[in-house]
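Residue numbers (the working numbering), protein chains in the order written: chain V, 1 to 383; chain P, 1001 to 1348.
Idealized CB from N, CA, C, for every residue including glycine.
Following: one structure in structure tokens, then a few remarks.
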Amino acid sequence: MDLAFSPAEEAFRAEARAWLRAHVPRDLPPSGSKDGFAAHVAWEQQLHAAGWSVVAWPKAYGGRDASIVEWLIFEEEYYLAGAPPRVTQNGIFLLAPALFEYGTDEQRARILPPMAAAEVLWAQGWSEPGAGSDLAAVSSTAVRVDGGWRLRGQKTWSTRASFCHAMHGLFRTDPAAPRHKGLTYFLVPLDAPGVRVNGFRRLDGDEDFAEIFFDDVFVADQDVLGPVNGGWKVAMATTGSERGLTLRSPGRFLAAAERLVGLYRRTRPGPLLRDQVVRAWMDAHAYQLLTLQTVSRLIDGHALGAESSVSKLAWSELDLRLHETALGLLGGHAELAAGAPDAVDGGAWQKGFQFALAGPIYAGTNEIQKNVVAERLLGLPKE
Amino acid sequence: MRFAFTDEQLELQRVVRDLLARECPPSRVRAAWDAPDAAPLTTWPHLAELGVVGMTAPERFGGLGLDELDLALILEEAGRAALPDPLVEHTAVAIPLVAELGDDAFADRWLGAAAAGRAILTVGLAGAPFVLDAARARLLLLEHRGELHAVEPGAVKLTAEPSIDGARKLARVDWHPSRATCIAAGPGARAALARAFDRGAFASAAVLIGVARRLIDMTVEYATLRTQFGRAIGSFQAVKHLLAEAHVAVELARPCVHRAAYALARGEADRAVHVSMAKAYASEAAALAARTALQCHGAIGYSFEYDLHLWMKRAWTVAAAWGDASWHRDRVATAILDPDLQPGAPHA
């Protein structure tokens, strides 16, 4: 065991820190409006121009071949510098790992560079009105035609889809096959004829949700990711990333824990809130240790499987605890909306709390994760 | 950066696990409940022969000169087996403490015998009200006002204080500190005693990980075999979710324990924060595992004749020893949130 970072890793940290401290924008509007979203995209384009948008990717696609440890370091520095969550995340953190695993060379060369550059923004199209936790119940269909497929159906709860250019998601290609074996993974331009995107507001007021309707939408064969009727496996490659490492690195929670300590020192609460603060701080650091252990196992050549469900349960609960605790510290100020004259930290804690409430729901509800832990890690019998 | 154990450390863990499966089955744990407080330990000679009992002693005393990173997984196995023998007090705490604070004559007199397992050393530190295995120990190392004292059990008054975990033989020790009993005093002694307390807290946290894992394993096995409403109870989500929550708690606690081992082995300045995180999480995870195990077993788990309570009681008692979860969380809070305050004593 050796927890020291190498000189190269420390140099990488210093370089990332210096650039981020100098360039992270201080006055970004919320990303949940058209103008706000454009400002966030501009920030990510600036990130890309300096080579920091996708550090762990190969150089050929816009990355800098950083190791997984360096990627964790970058994430820590990114959030400690006060940079915003990534509006490109459903592309760079969810679709990209599936492309690296299942994509063709042609697909990677065509799709990854503009994704890294925040020129093509990706949304995820998994959930449907009748398929949430039961993802394999997807009923949107794709029917084979000359040179490609025709898509029909509806996706929903698609984050940022009204601002995005393309969508990746599951469609049923063999209705006669067993549920998990008749699905195919498609990459769909959202400006294709027959696509209609209808944005609507989330709990926190952002126009960040959308439903997407497909009315006989043509998708060429080159936009099928992985094998026809093999979409479930592609989706599972994504869930591993979504639940665990790439989507929610410890960096953002460590940064939030530091801000919470700052809020504690400003508010000086009584002993019960003090205990909640230290629990939240400890949870963020315990999650960092869990992640370092996972990363070491990956480096040692072990595959990451259902353990990502443990990570998901851990980060989603700790994120909620961090923000609930902050609201407790804020007392009567907690309810103030962003823009209220006396809102503390611009209302960021309330905003973060409402976003954290989504954590136990998206990326597979925590109830589904507990089933995965029980069945696949503990070996309990299926229902 | 590599946050993982070496192949040698993992191999020693396997060897100890196999040895304990052979030499310390539940029947031995039950036998320890019924044995007198001063009765010889039955697994101890096997562990001594393997070198585990003396693994923290310097090599010139017949030890292996190993550190907390080498010890962490062994202690997990001790917890998994509900081993009654005092690996925490003797191997993790007393031997390093004597090696640090004893003069040459004292070390010569005790460390060889301790490393070989012939003499059990036990400790009473940081105001702990009772001393484990005082009746069968040859030497008691006791903290008094920042000084380290050593007394032999014949020279003090021992009053047995039965624990709910019958394998833990506790005693109250009435004794009179004197110049003759004092081994070390001064700032160096205080610092070494603080390290010794942290070693005990870390080591008991490691034991708790093993206890919790065993409780979950036993419960998974039971929930797979036990049928109600015509199916295995482990197929019900209500049961699955309880076990998944306990599993997550243990999986989060474990890397904290390993981080504490690293902090101790490397002598890091913020050792106490890592140790306290480990003990706080491990204590809560073990308590949750015990509660979950009992609930999922139902009435059979509430039966004295059924083995489950051997592990539940170990979880409860070790969670409370060496500072409980609240005390350790408070110590982290003081270090992180209010560094100008001093933490109180764990057993006030």
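Can you list the residues of chain P that residue i reaches, using a CB-CB cut of under 7 Å?
i	result
Ser296/V	Arg1002, Phe1003, Ala1004
Leu313/V	Val1248
Tyr264/V	Leu1337
Leu3/V	Met1001, Phe1003, Tyr1262
Val134/V	This sequence places Asp at residue 134/V; Val is not what is there. Correct list: empty, because the minimum Cβ distance to chain P is about 14 Å.
Asp300/V	Ala1004
Please determine whether the Cβ atom of residue i lies at a distance below 7 Å from any heavy atom of the ligand ADP.
i	result
Arg108/V	This structure lacks the ligand ADP, and indeed carries no ligand of any kind.
Put residue i into one of helix, strand or coil per three-state DSSP.
i	result
Ala1246/P	helix
Gln1342/P	coil
Pro229/V	Strictly speaking, residue 229/V in this sequence is Asn, with Pro absent from that position. Note: Asn229/V maps to coil in three-state DSSP.
Thr173/V	coil
Pro189/V	strand
Arg265/V	helix
Lys34/V	helix
Asp275/V	helix
His302/V	coil
Val224/V	strand
Lys312/V	helix
Glu77/V	helix
Ala1348/P	With a pLDDT of 46 at Ala1348/P, under the threshold of 50, the predicted position of this residue should be treated as unreliable, and no value is reported.
Ile212/V	strand
Leu378/V	coil
Thr1006/P	coil
Glu383/V	coil
Lys181/V	helix
Thr1334/P	helix
Leu318/V	helix
Glu1059/P	helix
Arg1226/P	coil
Met1001/P	coil
Lys1157/P	strand
In chain V, what lies closer than 7 Å to residue i by C-beta?
i	result
His1247/P	Val373, Leu377, Leu378
Cys1256/P	Ala286, Leu289
His1046/P	Result: empty, since nearest Cβ-Cβ is about 28 Å, beyond 7 Å.
If the criterion is Cβ atoms closer than 8 Å, does the pair residue i and residue j meet it?
i	j	result
Ala1249/P	Ala1278/P	no
Thr1317/P	Asp1165/P	yes
Leu1243/P	Cys1296/P	yes
Gly1063/P	Thr1056/P	yes
Ala1280/P	His1328/P	yes
Pro250/V	Gln288/V	yes
Leu1121/P	Leu1141/P	yes
Leu1308/P	Ala1325/P	no
Ala131/V	Gly63/V	no
Trp232/V	Ala136/V	yes
Gly1054/P	Ala1116/P	yes
Gln124/V	Phe213/V	no
Tyr79/V	Ala356/V	no
Arg201/V	Phe209/V	yes
Tyr61/V	Arg110/V	no
Glu207/V	Asn198/V	no
List, in chain order, every chain P residue whose beta-carbon is nearer than 8 Å to that of residue i.
i	result
Trp349/V	Within chain P, no residue comes near Trp349/V; the closest Cβ sits about 17 Å away, beyond 8 Å.
Val261/V	Ile1336, Leu1337
Using a cut-off of 9 Å between C-beta atoms, extract the partners of residue i located in chain P.
i	result
Asp275/V	Ser1326, Arg1329, Asp1330, Ala1333
Trp281/V	Val1332, Ala1333, Ile1336, Leu1337
Lys155/V	Neighbours of Lys155/V on chain P: none; closest Cβ ~27 Å, over 9 Å.
Can you name the residues of chain V whose CB is closer than 9 Å to the CB of residue i?
i	result
Ala1232/P	Leu380, Pro381
In chain V, which residues lie less than 8 Å from residue i when you measure between Cβ atoms?
i	result
Ser1235/P	Leu380, Pro381, Lys382, Glu383
Inset, instruction - Output the residue ranges of the alpha helix (DSSP H) runs that lie fully inside the region 1282-1332 of chain P and measure 4 residues or longer, sorted by chain position. - result: For the region 1282-1332 of chain P, the continuous alpha helix (DSSP H) assignments of 4+ residues that do not extend past its boundaries occur at 1308-1320, in sequence order.
Inset, instruction - Could you name each continuous beta strand (DSSP E) segment of 3 residues or more that falls completely within the region 1172-1196 of chain P, going from the start of the chain to the end? - result: Assignment of beta strand (DSSP E) within the region 1172-1196 of chain P, counting only whole runs of 3 or more residues, yields 1182-1184 in chain order.
Inset, instruction - Within the region 1072-1134 of chain P, note down every full alpha helix (DSSP H) run reaching 4 residues or more, in order along the chain. - result: Taking 4 residues as the minimum length, the alpha helix (DSSP H) runs contained wholly in the region 1072-1134 of chain P are 1095-1101, 1104-1115, in order along the chain.
Inset, instruction - Jot down the residue ranges of each uninterrupted alpha helix (DSSP H) in the region 332-376 of chain V, minimum 4 residues, whole runs only, in chain order. - result: You should have 348-356, 366-372.
Inset, instruction - Decide yes or no for the touch test of the region 1185-1204 of chain P against the region 1107-1121 of chain P: beta carbon pairs closer than 8 Å, at least 3 of them. - result: Flag = no, the region 1185-1204 of chain P and the region 1107-1121 of chain P do not touch.
Inset, instruction - Evaluate the contact criterion for the region 1340-1347 of chain P versus the region 280-293 of chain V: three or more CB pairs, one atom per stretch, below 8 Å. - result: The answer is no - the region 280-293 of chain V does not touch the region 1340-1347 of chain P, with fewer than three Cβ pairs under 8 Å.
Legend entry - contact_flag[the region 306-321 of chain V, the region 1228-1248 of chain P] where n(CB pairs < 8 Å) is 3 or more: The way I'd put it, the region 306-321 of chain V does touch the region 1228-1248 of chain P; three or more beta-carbon pairs between them come closer than 8 Å.
Inset, instruction - Kindly provide the ranges of any alpha helix (DSSP H) runs that are 4 or more residues long and lie completely inside the region 96-165 of chain V, ordered along the chain. - result: For the region 96-165 of chain V, the continuous alpha helix (DSSP H) assignments of 4+ residues that do not extend past its boundaries occur at 96-102, 105-116, in sequence order.
Inset, instruction - Evaluate the contact criterion for the region 1206-1220 of chain P versus the region 1073-1081 of chain P: three or more CB pairs, one atom per stretch, below 8 Å. - result: Enough Cβ pairs lie closer than 8 Å, so yes.
Inset, instruction - Counting only runs of 4+ residues fully inside the region 1-71 of chain V, write out the alpha helix (DSSP H) ranges in chain order. - result: With a minimum length of 4 residues, the continuous alpha helix (DSSP H) runs that stay inside the region 1-71 of chain V are 7-23, 34-49.
Inset, instruction - Check whether the region 1-20 of chain V touches the region 78-94 of chain V, counting contact only when three or more Cβ pairs, one atom from each stretch, lie closer than 8 Å. - result: Touching, yes, given that three or more Cβ pairs across the two stretches are closer than 8 Å.
Inset, instruction - Could you say if the region 140-157 of chain V and the region 166-173 of chain V meet the contact criterion of at least three C-beta pairs nearer than 8 Å? - result: With a cut-off of 8 Å, the region 166-173 of chain V and the region 140-157 of chain V count as touching, because enough Cβ pairs lie within range.
Legend entry - Cβ pair count under 8 Å reaching 3, the region 28-48 of chain V against the region 98-106 of chain V: Result no; under three Cβ-Cβ pairs closer than 8 Å.
Inset, instruction - For the region 186-194 of chain V and the region 212-230 of chain V, state whether three or more C-beta atom pairs, one from each stretch, are separated by less than 8 Å. - result: These segments touch.
Legend entry - Contact between the region 1154-1174 of chain P and the region 1025-1037 of chain P (3+ Cβ pairs under 8 Å): Yes: the two stretches touch, three or more of their Cβ pairs being nearer than 8 Å.
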